[in-house]
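Okay, so the sequence shown: first residue is 128 according to my numbering, each after it adds one.
A short worksheet on the structure shown next.
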Amino acid sequence: MSEQSKLPIIETGIPELDVVLRGGLPRNRLHLIEGAPGTGKTTLGLRFLLDGISRDERCLYVTLSESTEELKTTASTHGWNTDGIEFFELIPEEALPERQQTVLFPAEVQFGKTIEQLIDRIERSNPDRIIIDSVSEVRMLAQDPLQFRLQMTSLKRYLQGKNVTVLLLDDLTETDKGDLHSLVHGVLSLRLFERDYGAARRRLRIAKMRGVDFQSGWHDYAIVTGEILVFPSLIAEEHEGVVQGAPLLSVFEDLNGVFPQGLDRGTTTMLIGPSGAAKSTLAMSYALAATRTGESASFFSFDETYETFLRRNESMNLDPTEAIRAEKFHWRRMNPSRISPGEFVWQVRRDVEGRRVRVVVIDSINSYLSTMPEEQSLILHLHELLSYLNKQGIVTILVLAQQGVVGDVENPIDLSFLSDTVVLCRFFEAAGTLRRALAIVKRRTGAHDLAIHEYRLSSSGMQVGPELTELRGIFTGVPVYTGAHEELLDAVPDDGTRDESTS
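Right, here's the structure in full:
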């Protein structure tokens with residue numbers, strides 16, 4: 128029988144961290160939580176003990192660095208009641224006023240008496256869960272690395288006979304005075320990364336956990352009022368789904384005439400074009416079509432406010448208000464300066480698995496790419512997310528804005544290899560007016576219309592013209608129309624409304 132099958136598990140009080148741990152921490156073992164100041168070690172420790180209190184377990188918080196009042200204040204900022212937690216301020220004997228400047232204790236005697244105080248309190252409290260905050264203070268008391276290791280080894284042996292789960296908190300300020308990794312059963316590393324702009328990013332990883340098949344790698348996490356939110360990195364292969372359903376058509380009949388095959392389930396479609404080419408509106412036409420057939424859709428917006436989003440779509444006769452009221456359409460504002468890639472993936476998964484959405488729109492990929500400077504790593508995040516969505520049978524629509532509006536336009540990055548379908552939108556000038564054209568340049572799941580068509584959006588919907596046989600240079604970024612005016616859409620639509628400005 129493997130060690131993993133023998134070890135009982137204790138939950139941490141943070142459900143998503145337990146997902147990373149494949150259930151929780153091994154019970155009755157010594158674990159190390161290491162991280163620089165500000166990474167949330169104390170908050171995690173309090174959350175762990177509060178979970179124990181909810182299970183009628185005895186919990187002890189041993190503090191060498193903060194007072195009980197400070198710890199309770201920290202808990203109160205999260206709205207946590209710590210009445211069931213026993214706090215013990217472990218004060219080294221040489222720090223007592225009556226001992227100062229009266230006698231010089233040898234370092235090993237000082238340290239030994241401190242450990243004796245700790246053991247005595249554990250004997251009297253007989254806890255099920257213990258936090259020792261922080262090991263850095265204990266390490267400084269020992270002064271000698273060998274003495275520190277010997278005493279910590281003795282403490283470990285003592286605790287192993289007490290049927291207690293212990294978390295040692297270490298702020299890494301004295302990393303050269305002894306290594307605990309080989310002594311403890313598990314090591315959880317917390318890291319804080321400052322960005323040039325925006326919120327700092329927190330990540331954690333399981334550096335070691337004997338007998339546990341944990342999820343390796345770095346995982347984003349956030350500390351919010353009342354919660355520690357961990358966002359386990361996505362592994363698409365662990366989430367098998369069913370791809371079913373007819374292809375998704377647009378609410379715009381003219382667009383369906385150009386693209387009668389629709390968007391296949393379990394595929395990714397990328398809409399590429401300069402700003403103002405109506406990419407977001409085209410994406411919305413498919414998302415809203417899903418809600419009209421009883422399905423749910425989520426629109427993740429990195430660029431627009433809800434008010435702008437609503438006004439734009441109302442002007443295109445794509446008002447989502449009724450679908451929002453029926454909880455069939457979910458608009459999500461994503462702030463690229465505050466959100467982490469892991470949190471974004473987790474929010475998408477929450478809608479797919481919790482709200483059963485069948486269409487996901489990400490607008491735009493440009494802003495998503497700005498969430499992390501390590502571009503290659505972010506593409507791996509995106510690749511795993513799209514693989515997951517495809518396995519779940521989701522219709523995924525990505526909006527990618529090209530750099531520039533007229534003249535030469537360029538892709539900020541080539542992501543076409545991640546997409547099953549690519550639709551190119553372009554501006555061109557003809558008959559003294561600015562016009563738009565679209566072309567389907569790729570469809571992995573079958574044949575498609577190879578022609579280039581002019582299109583116009585107004586309050587009456589989308590109007591698509593015939594094939595533009597005399598339009599040149601659409602793929603070079605400088606389209607030139609040399610054909611007759613009769614092939615173009617009328618400058619003013621039949622209902623008298625003018626072309627609306629769209630994104």
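We put the beta carbon where it would ideally sit given N, CA and C, even for glycine.
Next item on the list: To the nearest angstrom, report how far apart Arg-439 and His-205 are at their CA atoms.
Entry: 39 angstroms
Checklist line | Thr-432 versus Thr-420, Ala-410, Thr-190 and Arg-459, residue with shortest Cα-Cα distance | finding: Arg-459
Check: Which two residues bound the contiguous alpha helix (DSSP H) that contains Arg-553?
Finding: Element bounds for Arg-553: not the alpha helix (DSSP H) but the beta strand (DSSP E), 548-557.
Check: Taking the C-alpha atoms as reference points, what is the distance between Met-589 and Pro-463?
Finding: 31 angstroms
Check: What's the C-alpha gap between Ala-269 and Leu-295?
Finding: 16 angstroms
Check: Do the stretch 446-459 and the stretch 413-429 touch if we need at least three Cβ pairs shorter than 8 angstroms?
Finding: yes
Next item on the list: Output yes or no for whether 8 angstroms exceeds the beta carbon distance between Tyr-608 and Leu-616.
Entry: no
Next item on the list: Check Tyr-324 in the structure and name its three-state DSSP category.
Entry: coil
Checklist line | Integer Cβ distance of Val-486 from Val-522, believed to fall under 8 angstroms | finding: 5 angstroms
Next item on the list: Go to Arg-452, then tell me how far its alpha helix (DSSP H) extends in each direction, as first and last residue.
Entry: 448-452
Notebook entry, point to check: Do you know offhand how far Arg-562's Cα is from Val-591's?
Noted result: 12 angstroms
Next item on the list: Kindly indicate which three-state DSSP category His-457 falls into: helix, strand or coil?
Entry: strand
Next item on the list: With DSSP collapsed to three states, give me the class of Ala-405.
Entry: coil
Next item on the list: Taking all protein chains shown into account, decide if His-612 is buried (16 or more other Cβ within 10 angstroms of its Cβ) or exposed.
Entry: exposed
Checklist line | C-beta contact flag for Glu-556 and Ala-578 at 8 angstroms | finding: no
Notebook entry, point to check: Of the residues Leu-398, Leu-584, Pro-164 and Arg-452, which one's Cα is nearest the Cα of Ser-546?
Noted result: Leu-398
Notebook entry, point to check: Which runs of the beta strand (DSSP E) spanning at least 3 residues fall entirely within the stretch 255-323, listed in chain order?
Noted result: 256-260, 292-297 and 313-320
Next item on the list: Within its chain, find whatever has a CB closer than 8 angstroms to the CB of Leu-319; leave out the 5 residues flanking it on each side and keep chain order.
Entry: Gly-162, Ala-163, Gly-165, Thr-166, Ala-327, Arg-328 and Arg-329
Note to self: Tell me the DSSP secondary structure of Ala-618 in three-state form.
What the structure shows: In this prediction, Ala-618 scores a pLDDT of 48, lower than 50, which makes its location untrustworthy; no coordinate-derived value is stated.
Next item on the list: Starting from the C-beta of Ile-212, find all residues in its chain whose C-beta is less than 6 angstroms away, skip the five residues before and the five after it, and write them out in chain order.
Entry: Leu-176, Cys-186 and Tyr-188
Note to self: Tell me which residue opens and which closes the alpha helix (DSSP H) that Ile-180 is part of.
What the structure shows: 168-181
Next item on the list: Have a look at Ser-423, Thr-396 and Phe-341 and flag the residue whose alpha-carbon is nearest the alpha-carbon of Asp-478.
Entry: Ser-423
Margin query: Assuming the contact rule is C-beta atoms closer than 8 angstroms, Ala-410 and Val-488 should be a hit. Round their C-beta distance to whole Å, please.
Written below: 5 angstroms
Note to self: Can you list, in chain order, the residues of its chain with a C-beta nearer than 7 angstroms to that of Pro-142? Leave out the 5 residues immediately preceding and following it.
What the structure shows: none
Checklist line | Per-residue DSSP class, three states only, for Val-385 | finding: helix
Margin query: Can you tell me which residues form a DSSP beta bridge with Lys-199?
Written below: Answer is none; Lys-199 lacks a bridge partner.
Check: In this structure, what does DSSP give as the bridge partners for Ser-585?
Finding: Gly-588
Notebook entry, point to check: Counting pairs of Cβ atoms below 8 angstroms between the stretch 192-206 and the stretch 381-398, do you hit three or more?
Noted result: no
Next item on the list: For Ile-492, name the three-state secondary structure that DSSP assigns.
Entry: helix
Notebook entry, point to check: For Gln-529, which three-state DSSP category applies?
Noted result: strand
Margin query: Here's the rule: buried if 16 or more other CB atoms are within 10 angstroms of the residue's CB, otherwise exposed. What is Asp-306?
Written below: exposed
Item checked: Alpha-carbon spacing of Thr-395 relative to Glu-364, whole angstroms -> 17 angstroms
Notebook entry, point to check: Where do the ends of the beta strand (DSSP E) carrying Leu-187 lie?
Noted result: 186-190
Next item on the list: Determine, using beta-carbon pairs with one atom in the stretch 352-367 and one in the stretch 136-153, whether at least three such pairs fall under 8 angstroms.
Entry: yes
Note to self: So, for Gly-421: in the same chain, excluding its five sequence neighbours on each side, which residues have a beta-carbon less than 8 angstroms away from its beta-carbon?
What the structure shows: Lys-455
Next item on the list: Out of Thr-169, Gln-244 and Gly-389, point me to the one whose CA is closest to His-575's CA.
Entry: Gly-389
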